[in-house]
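Q: Take 1 as the starting number for the sequence shown in the UniProt record's numbering and just add one per residue. Can you read through this structure? Questions will come right after.
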Amino acid sequence: MEIPSLGVNCSVDGCNRLDFLPLRCECGKMFCTDHFMEHTQGCEVFKKSKAVKMQVAEVAKTSYACTFEGCSEVSSFHFPCKKCAKHYCISHRHHKLCDISEEELEEERKRWNLPIEQYNKAKEKLETYLNKTALKVQPDSKKSKMSNKIQLMRLKGKAIGQQDIPMQDRLYFLVYKPMGSNAKEVADKINDTITSVVEGKIEHKPVAVYISKNWSIGKMIDSFSQFCKVINNNNKTNESKLRLFRLVDGLIVSSIMSMKINKVIENNVIRDGESLILEYVDGEKCTTDDCHLQNYVVYAE
Numbered sequence: 001m002e003i004p005s006l007g008v009n010c011s012v013d014g015c016n017r018l019d020f021l022p023l024r025c026e027c028g029k030m031f032c033t034d035h036f037m038e039h040t041q042g043c044e045v046f047k048k049s050k051a052v053k054m055q056v057a058e059v060a061k062t063s064y065a066c067t068f069e070g071c072s073e074v075s076s077f078h079f080p081c082k083k084c085a086k087h088y089c090i091s092h093r094h095h096k097l098c099d100i101s102e103e104e105l106e107e108e109r110k111r112w113n114l115p116i117e118q119y120n121k122a123k124e125k126l127e128t129y130l131n132k133t134a135l136k137v138q139p140d141s142k143k144s145k146m147s148n149k150i151q152l153m154r155l156k157g158k159a160i161g162q163q164d165i166p167m168q169d170r171l172y173f174l175v176y177k178p179m180g181s182n183a184k185e186v187a188d189k190i191n192d193t194i195t196s197v198v199e200g201k202i203e204h205k206p207v208a209v210y211i212s213k214n215w216s217i218g219k220m221i222d223s224f225s226q227f228c229k230v231i232n233n234n235n236k237t238n239e240s241k242l243r244l245f246r247l248v249d250g251l252i253v254s255s256i257m258s259m260k261i262n263k264v265i266e267n268n269v270i271r272d273g274e275s276l277i278l279e280y281v282d283g284e285k286c287t288t289d290d291c292h293l294q295n296y297v298v299y300a301e
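Pasting the structure below:
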């Protein structure tokens, strides 16, 4: 039986070792592991090949960003414009920007940004419509429950709150900031953004906030005031207090600050995903659960 030839003999004179895993130099010769490094140190072909590879690696490290507005493409090779010498990627090398005036370029920018502006306006109108539609639905109707579910899904995508609250314990609410007579003074103190003024009342955009179902009403108010950037004087005497009211009818959520939120949920006073009003009131006037926010309808306008 004929045995096939395996391995290659080392090219170094005097070695001639048969190596089953020989190393091949750029010059074409084969070497064993003991003599390969020794040979490459003096081989001119190997040195030239190594130098070329290093140059290619350096070129690969150099990158050129496309200067076309809105493009983030990065190229390893430079494609300069013949007129302005700026680099443009393959897709924008025929940009023709050097052939138009600055006024025409500004018009082009407006045309590019128009779809984004139209989308943002349409989204804002849809948000406003959905909020107003939710206000018109009766609190105990089937439509109200469906509207509440839709709002809950929207809130989960943008709500802020303490990140250490477990997901299974989170409750989501759309919180409206104070519109009381002292709301402007409060807003000025905290440099808050006022969106509009309605008959001397200050109207703010509502904020989506999540809290823990295991908290008390008092801690819930503290968290809302923190993330809505509203001054909280609940721990000070002779100051207006923050209380929570239902947006749908203006009724106070609870006058008892130690009341657990999950208890309020169980009694169907509020629901997960509901809209609430955070408002300043006289502490002595809201000591019972029949307290009513008379001007809550301003939010629905």
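The C-beta atom is built at its ideal place from N, Cα and C for all residues, glycine as well.
Between the stretch 272 to 280 and the stretch 146 to 157, can you find at least three pairs of beta-carbon atoms closer than 8 Å?
A: Segments in contact, yes.
Q: Strictly under 8 Å for the Cβ-Cβ distance: is residue 273 near chain D by that measure?
A: Annotation note: the requested chain D is absent from the structure, which comprises a single protein chain.
Q: Please identify the residue among 225, 234, 171, 155 whose C-alpha is closest to the C-alpha of residue 256.
A: One-based indexing of the sequence shown puts residue 256 at position 256. Of 225, 234, 171, 155, the residue nearest in Cα terms is 234.
Q: Pairing CB atoms from the stretch 36 to 52 with CB atoms from the stretch 61 to 79, are three or more of them under 8 Å?
A: No, the stretch 36 to 52 does not touch the stretch 61 to 79.
Q: Which residue's Cα is closest to the Cα of residue 228: 237, 53, 238, 208?
A: Here residue 228 is taken as the residue at index 228 of the sequence shown, counted from 1. Checked all of 237, 53, 238, 208; the closest Cα to residue 228 is 208.
Q: In terms of residue numbering, what span does the alpha helix (DSSP H) encompassing residue 245 cover?
A: By one-based count along the sequence shown, residue 245 stands at place 245. First-last for residue 245: 241 to 246, but that is the beta strand (DSSP E), not the alpha helix (DSSP H).
Q: If the criterion is Cβ atoms closer than 8 Å, does the pair residue 92 and residue 71 meet it?
A: Locating residue 92 in the sequence shown gives position 92, where the first residue counts as 1. Locating residue 71 in the sequence shown gives position 71, where the first residue counts as 1. It is a contact, given that the beta carbons lie within the stated cut-off.
Q: Secondary structure at residue 80, three-state DSSP: helix, strand or coil?
A: If you number the sequence shown from 1, residue 80 lands on position 80. Residue state, collapsed to three classes: strand.
Q: Could you spell out where the beta strand (DSSP E) holding residue 279 opens and where it closes?
A: As a first step, residue 279 must be located in the sequence shown, where it is residue number 279. Segment 275 to 281, the beta strand (DSSP E) holding residue 279.
Q: Rounded to whole angstroms, what's the CA-CA distance from residue 302 to residue 219? Just pull it up for me.
A: Because the chain here runs from 1 to 301, residue 302 falls outside it and cannot be looked at.
Q: Please classify residue 279: is it buried, with 16 or more other beta-carbons within 10 angstroms of its beta-carbon, or exposed?
A: If you number the sequence shown from 1, residue 279 lands on position 279. Buried, because 16 or more other Cβ atoms sit within 10 Å of the Cβ of residue 279.
Q: Drop a sphere of 10 angstroms on the beta-carbon of residue 215, count the other beta-carbons inside from all chains shown, and report buried for 16 or more, exposed for fewer.
A: For the purposes of this step, residue 215 is taken as residue 215 along the sequence shown, with counting starting at 1. By the neighbour-count rule (16 or more Cβ atoms within 10 Å), residue 215 is buried.
Q: Determine the direct distance from the alpha carbon of residue 123 to that of residue 74, and round the result to whole angstroms.
A: Start at 1 with the first residue of the sequence shown, and residue 74 comes out as number 74. Start at 1 with the first residue of the sequence shown, and residue 123 comes out as number 123. Each residue's Cα considered, the two are about 33 Å apart.
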